[in-house]
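In this note's numbering, the protein residues as written are 3 to 668. Beta carbons: idealized from backbone N, C-alpha and C, even for Gly. Since this is a predicted model, take the numbers as computed values, not measurements. Right, one structure below, let's go through it.
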């Protein structure tokens, strides 16, 4: 049984429906230890026969048998395995990969063996030493002479320990000295017990072998034994092969990007700019939400639900805007109108029974109060009672008001009194007055001398002038005015229950009638956050349009890369890589561009964000650009998705290339 046998091989090329036969009934057997020269003129079918033997050409009639077993040339995966495990190629044009070093050119074949990393490197260096290139391993192909390139190709062909070495005109581009050296190496390979098949048109080259097969017009015209075949060591252990690991295309892609970094840098920067814009706008959205939440939460407790009496639209028109009054109350600056309904003790008690309610604090308020310091009058847009809805953090001097005390607003009262020494207003006596109407509808002026306990400063612009509920109640009682609260501050046990409590209160009825209208600062914040999120999304989407351009740039780059690297694709397929491996190679390259773009975008966003924060902090005392981990993760996801989508068509095209046509590309 022969090691390799060709049975009745026929091959024809077609131009339309017309067939042009190339091989006509080729029958040959080969043994290991032979150095077989297939001699013939150009156009005689030598290269076609070589491609069939090497498993690159699968479109033929006949059989190729390896150790008595027919290879199914219709099964692409089986032929990939055959090339990976059994065949090594040496080409006239060397077919080295330019962006890989001499060492890496040999390692690409060893990556499909089961040797570990150190063993692979050791074998590659050993083979390069064997062909006289031990001192050239770090160089690139364009730094070598023709003879040196061919020796690298021989080392690569031997790397995976194949039993068949196919050499296509291996000396065609060499001078006589290098020709002699290469033929000597090929003879040594055969002497090691391998089968060497050399395609040539030179009689001198053919004479260096152990056997000469003459081919003319697609037929065997002569089969001459020149000298005996070399003995074969049947006990010799062959290096085990494997499929290409997933990380190898990634590594090869990175090396190619590094080799062509100037062009790829343009693509990376273009993609990074689009990603940066999206990340920056998301960071701005986060900052705006944080700023708004902080400013409002600093002044108003988000766990407080403000409750007023429910009024129908006709009634609310007499008493002012119902919603406006509720929101003002929620901000701690409620304005009471003369006809605004009040709460009875029973109605307050009903609120205390609602689940998750901790406290219920009544509120009395008045509008357009006058605060007199000495002989100067200052207008306070509202005077209300201090409740749990107010934050102590808004007090910038002094403390919360006690009995017969008041806290006054910094901007509308204290700084108008003294722009520099406004804190000295604390402890001074002031006269507080406001007008309202009694039950008979007559105008009544309420006046009381109070001590300034503290000064408030609300960054939202809504001034807070407040007294205790007991103080306000005494002021009104002195004029025989109603002391029933016009609104109520309901404190909830946690913010998570805020919406539930608000909804529950709004559903409460007495005698079948709705009497409560509850509003929450938390729900207002949620609404604000929703609008900020919407605006941020729109801005990010507009910025994201540039990512479409980036995707097109990556697609164009990948298609250009496929066109420029056709020969590399052919080399990799000849070495035994599958279509999937080729797809992985170009997909990996695109994904690396995406990852580097995302990293660069993150760095730019943090740098520019920090610079903008320095400027904006002077205005708002807050870092308005807040780039969160989730923003970074989403940026990387966007970059990878764009890169993956951009790579699909180029990678598919690369994988579909015919390896024979790819090898023939310039």
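- With distances taken between CA atoms, residue 381 lies nearest to 432 out of 257, 432 and 547.
- Counting along the chain, the unbroken beta strand (DSSP E) around residue 369 starts and ends at 368 to 375.
- Residue burial annotation: residue 168 is buried, with at least 16 other C-beta atoms found within 10 angstroms of its C-beta.
- In this structure, residue 54 keeps its C-beta atom at 8 Å or more from the C-beta atom of residue 92.
- The continuous alpha helix (DSSP H) containing residue 615 extends over residues 581 to 622.
- For residue 12, the pairing in a beta bridge is given by DSSP as 26 and 63.
- According to the DSSP secondary-structure assignment, residue 668 is paired through a beta bridge with no residue.
- Taking C-beta separations shorter than 6 Å and ignoring five residues to either side along the sequence, the partners of residue 391 in its chain run 302, 303, 306, 334 and 491, following chain order.
- With a cutoff of 8 Å on beta-carbon distance, residue 270 and residue 602 are scored as near each other.
- Annotation: residue 414 to residue 365 spans about 22 Å, alpha carbon to alpha carbon.
- Residue 35 and residue 162 have their C-alpha atoms some 18 Å from each other.
- In this structure, the straight-line span from the alpha carbon of residue 226 to that of residue 204 is close to 15 Å.
- Spanning the alpha carbons of residue 134 and residue 631 requires a straight line of approximately 54 Å.
- Distance from the CA of residue 503 to the CA of residue 518, rounded to the nearest whole angstrom, comes to 12 Å.
- By the beta-carbon neighbour count (other beta carbons within 10 angstroms, threshold 16), residue 442 is exposed.
- Per DSSP, the continuous beta strand (DSSP E) segment holding residue 170 begins and ends at 166 to 170.
- Scanning 629, 571 and 652 for the CA closest to the CA of residue 665 turns up 571.
- Residue burial is scored here from C-beta neighbours: residue 3 has fewer than 16 other C-beta atoms within 10 angstroms and is therefore classed as exposed.
- Taken in chain order, the unbroken stretches of alpha helix (DSSP H) that lie wholly in the region 159 to 216 and span 4 residues or more are 178 to 193 and 205 to 209.
- Taking a 10 Å sphere around the C-beta of residue 151, we find 16 or more other C-beta atoms and assign the residue as buried.
- Residue 296 sits in a helix when the DSSP states are folded into three classes.
- Residue nearest to residue 76 within the set 90, 61, 68 and 83 is 61 (criterion: CA-CA distance).
- Per the C-alpha coordinates, the member of 101, 258 and 612 positioned closest to residue 282 is 612.
- A direct Cα-Cα distance of roughly 10 Å separates residue 159 from residue 88.
- Judged by pairs of C-beta atoms under 8 Å, the region 16 to 27 touches the region 217 to 225, as three or more such pairs exist.
- Taking 3 residues as the shortest admissible run, the region 460 to 515 contains the following complete beta strand (DSSP E) segments, listed from N- to C-terminal end: 489 to 494.
- Judged by pairs of C-beta atoms under 8 Å, the region 539 to 551 does not touch the region 619 to 637, as fewer than three such pairs exist.
- Rounded to the nearest whole angstrom, the CA to CA distance from residue 621 to residue 607 is 21 Å.
- A straight line joining the alpha-carbon of residue 144 with that of residue 100 spans about 7 Å.
- Counting along the chain, no beta strand (DSSP E) covers residue 547; the unbroken alpha helix (DSSP H) around it starts and ends at 523 to 566.
- Considered as a whole, the region 216 to 295 harbours 249 to 261 as its complete alpha helix (DSSP H) runs of no fewer than 4 residues, in chain order.
- A distance below 7 Å between beta-carbons, with the five flanking residues on each side excluded, links residue 447 to the following residues of its chain, in chain order: 435 and 437.
- Closest in alpha carbon position to residue 232, among 476, 286 and 37, is 37.
- If the five residues before and after residue 552 are omitted, its C-beta is found closer than 7 Å to the C-beta atoms of 272, 273, 276 and 644, all from its own chain and listed in chain order.
- Rounded to the nearest whole angstrom, the C-alpha separation of residue 466 and residue 477 is 19 Å.
- Annotated as distal: residue 256 and residue 595, with beta-carbon spacing of 8 Å or more.
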